[in-house]
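Heads up: the sequence lines are chains D, Y and P, in that order. Read in order, the letters of the first sequence correspond to residues 13 to 263 in the working numbering. Read in order, the letters of the second sequence correspond to residues 13 to 263 in the working numbering. Read in order, the letters of the third sequence correspond to residues 13 to 263 in the working numbering.
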Amino acid sequence: MLINQSYSCIPMIVQLDNPKILSDAISIISEIVAEVRIKLNEDGMSIVAVDPANVAMVIFKIPKESFSQYEAGREVWGVNLEDFKKIMKRASTSTSLTLEQEDNQLKISMFDKAKRNFTLSLIDISSEDKSEPQLSFSAEVEMNSQEFSQAIEDCSVVADSGSLIAGNDFFILEGKGSLNSARAEFSSDHIKVSGLGKSKYSLEYLNKFTKAKSISEKVSLKFSDDYPLRIDFAGNRMGIGFILAPRVEND
Amino acid sequence: MLINQSYSCIPMIVQLDNPKILSDAISIISEIVAEVRIKLNEDGMSIVAVDPANVAMVIFKIPKESFSQYEAGREVWGVNLEDFKKIMKRASTSTSLTLEQEDNQLKISMFDKAKRNFTLSLIDISSEDKSEPQLSFSAEVEMNSQEFSQAIEDCSVVADSGSLIAGNDFFILEGKGSLNSARAEFSSDHIKVSGLGKSKYSLEYLNKFTKAKSISEKVSLKFSDDYPLRIDFAGNRMGIGFILAPRVEND
Amino acid sequence: MLINQSYSCIPMIVQLDNPKILSDAISIISEIVAEVRIKLNEDGMSIVAVDPANVAMVIFKIPKESFSQYEAGREVWGVNLEDFKKIMKRASTSTSLTLEQEDNQLKISMFDKAKRNFTLSLIDISSEDKSEPQLSFSAEVEMNSQEFSQAIEDCSVVADSGSLIAGNDFFILEGKGSLNSARAEFSSDHIKVSGLGKSKYSLEYLNKFTKAKSISEKVSLKFSDDYPLRIDFAGNRMGIGFILAPRVEND
Numbered sequence: 013m014l015i016n017q018s019y020s021c022i023p024m025i026v027q028l029d030n031p032k033i034l035s036d037a038i039s040i041i042s043e044i045v046a047e048v049r050i051k052l053n054e055d056g057m058s059i060v061a062v063d064p065a066n067v068a069m070v071i072f073k074i075p076k077e078s079f080s081q082y083e084a085g086r087e088v089w090g091v092n093l094e095d096f097k098k099i100m101k102r103a104s105t106s107t108s109l110t111l112e113q114e115d116n117q118l119k120i121s122m123f124d125k126a127k128r129n130f131t132l133s134l135i136d137i138s139s140e141d142k143s144e145p146q147l148s149f150s151a152e153v154e155m156n157s158q159e160f161s162q163a164i165e166d167c168s169v170v171a172d173s174g175s176l177i178a179g180n181d182f183f184i185l186e187g188k189g190s191l192n193s194a195r196a197e198f199s200s201d202h203i204k205v206s207g208l209g210k211s212k213y214s215l216e217y218l219n220k221f222t223k224a225k226s227i228s229e230k231v232s233l234k235f236s237d238d239y240p241l242r243i244d245f246a247g248n249r250m251g252i253g254f255i256l257a258p259r260v261e262n263d
Numbered sequence: 013m014l015i016n017q018s019y020s021c022i023p024m025i026v027q028l029d030n031p032k033i034l035s036d037a038i039s040i041i042s043e044i045v046a047e048v049r050i051k052l053n054e055d056g057m058s059i060v061a062v063d064p065a066n067v068a069m070v071i072f073k074i075p076k077e078s079f080s081q082y083e084a085g086r087e088v089w090g091v092n093l094e095d096f097k098k099i100m101k102r103a104s105t106s107t108s109l110t111l112e113q114e115d116n117q118l119k120i121s122m123f124d125k126a127k128r129n130f131t132l133s134l135i136d137i138s139s140e141d142k143s144e145p146q147l148s149f150s151a152e153v154e155m156n157s158q159e160f161s162q163a164i165e166d167c168s169v170v171a172d173s174g175s176l177i178a179g180n181d182f183f184i185l186e187g188k189g190s191l192n193s194a195r196a197e198f199s200s201d202h203i204k205v206s207g208l209g210k211s212k213y214s215l216e217y218l219n220k221f222t223k224a225k226s227i228s229e230k231v232s233l234k235f236s237d238d239y240p241l242r243i244d245f246a247g248n249r250m251g252i253g254f255i256l257a258p259r260v261e262n263d
Numbered sequence: 013m014l015i016n017q018s019y020s021c022i023p024m025i026v027q028l029d030n031p032k033i034l035s036d037a038i039s040i041i042s043e044i045v046a047e048v049r050i051k052l053n054e055d056g057m058s059i060v061a062v063d064p065a066n067v068a069m070v071i072f073k074i075p076k077e078s079f080s081q082y083e084a085g086r087e088v089w090g091v092n093l094e095d096f097k098k099i100m101k102r103a104s105t106s107t108s109l110t111l112e113q114e115d116n117q118l119k120i121s122m123f124d125k126a127k128r129n130f131t132l133s134l135i136d137i138s139s140e141d142k143s144e145p146q147l148s149f150s151a152e153v154e155m156n157s158q159e160f161s162q163a164i165e166d167c168s169v170v171a172d173s174g175s176l177i178a179g180n181d182f183f184i185l186e187g188k189g190s191l192n193s194a195r196a197e198f199s200s201d202h203i204k205v206s207g208l209g210k211s212k213y214s215l216e217y218l219n220k221f222t223k224a225k226s227i228s229e230k231v232s233l234k235f236s237d238d239y240p241l242r243i244d245f246a247g248n249r250m251g252i253g254f255i256l257a258p259r260v261e262n263d
């Protein structure tokens, strides 16, 4: 019933009771890409976008069930993330948040003692639609997202790229600079690791991704030898993932 | 008796037991104007000053009763506010503060475990003396100063000027940028509003003024159609107010 | 026995159970000098270095007893302090830290849930070896390091150099700028002061030194008329001291 209503573009409104989680996610995504299409369909809200350098893809989803109200059909909102982020940050103390399309604008309402509304102009996004690539991985790691983030920061102190190495019963993160190096080793007593693989990635991107540790205590890492990395933070109410191209060793 | 003494320039000393409140006020005023005349008369200490762009006036008063000691006549201290602010910030942990004129210097003493003294050179202020203009207003609003500050910040996210709109039983703060807009609406259930009026003001100045929310939980707003705004933060021990020229809509 | 082993350059390893204290000290020293020789002998670890402007000397010592493991002989590690500092900062949450020389590298291991290792390239330091100069002082002050730091900050608000003045039963810190001045006076009821002396020093350096207040609650100051200052922060597990050339009054 709702879906039928949405197809005809009437009541097109979604409501969140914890605006901070969306605000945090938008803030993370805005570091990867400047403008995105936010899609709303019968399953929920999603963003799939590729960064301008074509090195990283972000995949973000909030299932319908995470909204306290969800009346949407197949809508697409083109937004400038910097503008959207600034507005969303104003919601952090609000008890609830409503997003509603009105013509070519997104009406963002925040409810606390005052009635606060923002309107954000919806924009045309010229880039073509992206879908998640089909990838198959030889290695898989699941670990605490804080500890992963710490190891990435360790490597960033000495290098600008880091290697992920999965072996029998261990997972290693390693950064090698011209003078100094860093290395964190995790055993399978402490984390889940399966399969083998070794690949090198940009630490600048990985540091942007690990800000999503606020969304989930666990992070899942999938990669193969010199192959893209799939990294997922699966939270209770939303999930954010990234695909990152490898750095091939030719320097 | 005291006044007679002061006329002859003997014991000219004032003491505050909560230096932080003066420190905060000086910090706020220093963002509006660089040099001021601090006047001391039989009622207390006051500053009236206009910013270099002639857009805003600040009116600051500490009644005599807020001082633990007040022996002053009709004195005027010309001070560089940046220098005075830096010294006052050093007082924030002190139990009491004494200001005393010695020739052409202001002696600032702070009492904690050590005896700490500063001297600040008094300066000649060339600008002419300002007095509060006579204004009459059609609209008046009294509300929580934190909520007013929040609404001003909301508008600043999307625009550089904001409209204050008082209507029957409501007060609206609205900012309209070229693309996006913000609007906070308060009903008379929640705040006091009387009269009608609509006028637009610089958000840069309003953001400087709202730092005075630390001085008072309440803010009073008085304005008329396209007319100056009078905004007052009346604290227990001191009061700070501002008059701000309207932005006339011609763009 | 251990010493004999060390002479032959085998097991050359030291361990600290509270890495943060070393991290803080390295951070303070890195503001004075860029590259240092860290010496390890039978007594413990030490650094003696002079800043590039030849105005300040830092003298840092961790006695052998502060290490949970100390197997070192007469070793010298030449390190870039900026690089070492960045790595040490990563240790702040670790339960223990091991430093171990491997060929021309320093291996830095941090123990928490993961095994984390860094390697830092050891470098040749071209400057000649420094030793502490022989100085004799006419005045000596011992006081709370926080209060000394506060007084130095007070002076920094108005001036770029400050005078230390020890008299009968008092100690004064005084800064005089072109317009304004600051003065903190401590009586012998509150601090220990003996002897007489007056000398002027750079506040920029003193502000760097007072960051060592985290190492010790007490600071010891020794000086004479227009003479170098010796300032010591003697902590439980390590000590850091500085010698600072006076500023002679000729302007």
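All residues carry an ideal CB built from backbone N, CA and C; glycine is no exception. It should be emphasised that the depicted structure is a prediction, and the values quoted were computed from it without experimental measurement.
Inter-residue CB distance, residue i and residue j (contact presumed, cutoff 8 Å)
i	j	result
GLU47 of chain Y	ASN92 of chain Y	6 Å
GLU152 of chain Y	SER206 of chain Y	5 Å
ASP124 of chain P	THR110 of chain P	No, ASP124 of chain P and THR110 of chain P are not in contact; Cβ-Cβ is about 13 Å, not under 8 Å.
PRO31 of chain Y	ALA103 of chain Y	4 Å
GLU165 of chain D	GLY174 of chain D	Not quite, the Cβ-Cβ distance comes to about 10 Å (not below 8 Å), so this is no contact.
Backbone secondary structure at residue i - three-state DSSP
i	result
PRO31 of chain Y	helix
GLN162 of chain P	helix
LEU147 of chain Y	coil
SER18 of chain P	Because SER18 of chain P sits at a pLDDT of 38, beneath the cut-off of 50, its placement in the model cannot be relied upon, and the following sentence gives the value as read from the coordinates. Of the three classes helix, strand and coil, the one that applies to SER18 of chain P here is helix, per DSSP.
ASP263 of chain P	Caution is warranted here: a pLDDT of 48 is assigned to ASP263 of chain P, below 50, making its placement in the model unreliable, and no coordinate value can be reported.
ASN92 of chain P	strand
LYS98 of chain P	helix
LYS142 of chain D	coil
LEU134 of chain D	coil
SER168 of chain D	helix
THR107 of chain D	coil
LEU241 of chain D	strand
ALA257 of chain P	coil
Distance, residue j Cα to residue i Cα
i	j	result
ILE255 of chain D	LYS76 of chain P	49 Å
SER39 of chain Y	LYS97 of chain Y	6 Å
ASN129 of chain Y	LEU191 of chain Y	53 Å
ALA194 of chain D	MET122 of chain P	11 Å
MET24 of chain Y	ILE59 of chain Y	18 Å
ALA84 of chain D	GLY56 of chain D	8 Å
SER80 of chain D	PHE72 of chain D	19 Å
LYS234 of chain Y	LYS212 of chain Y	13 Å
VAL88 of chain Y	ILE177 of chain P	34 Å
SER35 of chain P	ASP201 of chain Y	56 Å
ILE243 of chain P	SER232 of chain P	6 Å
TYR217 of chain P	GLY253 of chain P	13 Å
GLU112 of chain D	LEU132 of chain D	10 Å
ASN66 of chain D	GLY189 of chain Y	32 Å
ALA68 of chain Y	SER139 of chain Y	15 Å
GLU54 of chain Y	SER148 of chain P	57 Å
GLY247 of chain Y	LEU52 of chain Y	19 Å
8 Å Cβ cutoff, residue i in contact with chain Y
i	result
LEU132 of chain D	yes
ARG128 of chain D	yes
LYS125 of chain D	yes
Contact with chain D by residue i, beta-carbon distance below 8 Å
i	result
ILE99 of chain P	yes
SER200 of chain Y	no
Residue-chain proximity (residue i, chain P), Cβ-Cβ < 8 Å
i	result
LYS210 of chain Y	no
ASN116 of chain Y	no
GLU197 of chain D	yes
GLU159 of chain D	yes
ASP95 of chain Y	yes
SER193 of chain D	yes
ARG102 of chain Y	yes
ASP29 of chain D	no
Under 9 Å from the C-beta of residue i: neighbouring residues of chain B
i	result
VAL205 of chain D	Among the chains of the structure shown, chain B does not appear; the protein chains present are D, Y and P.
Those runs of the beta strand (DSSP E) which lie wholly inside the stretch 44 to 79 of chain D and span at least 3 residues: 47 to 53, 56 to 62, 68 to 75
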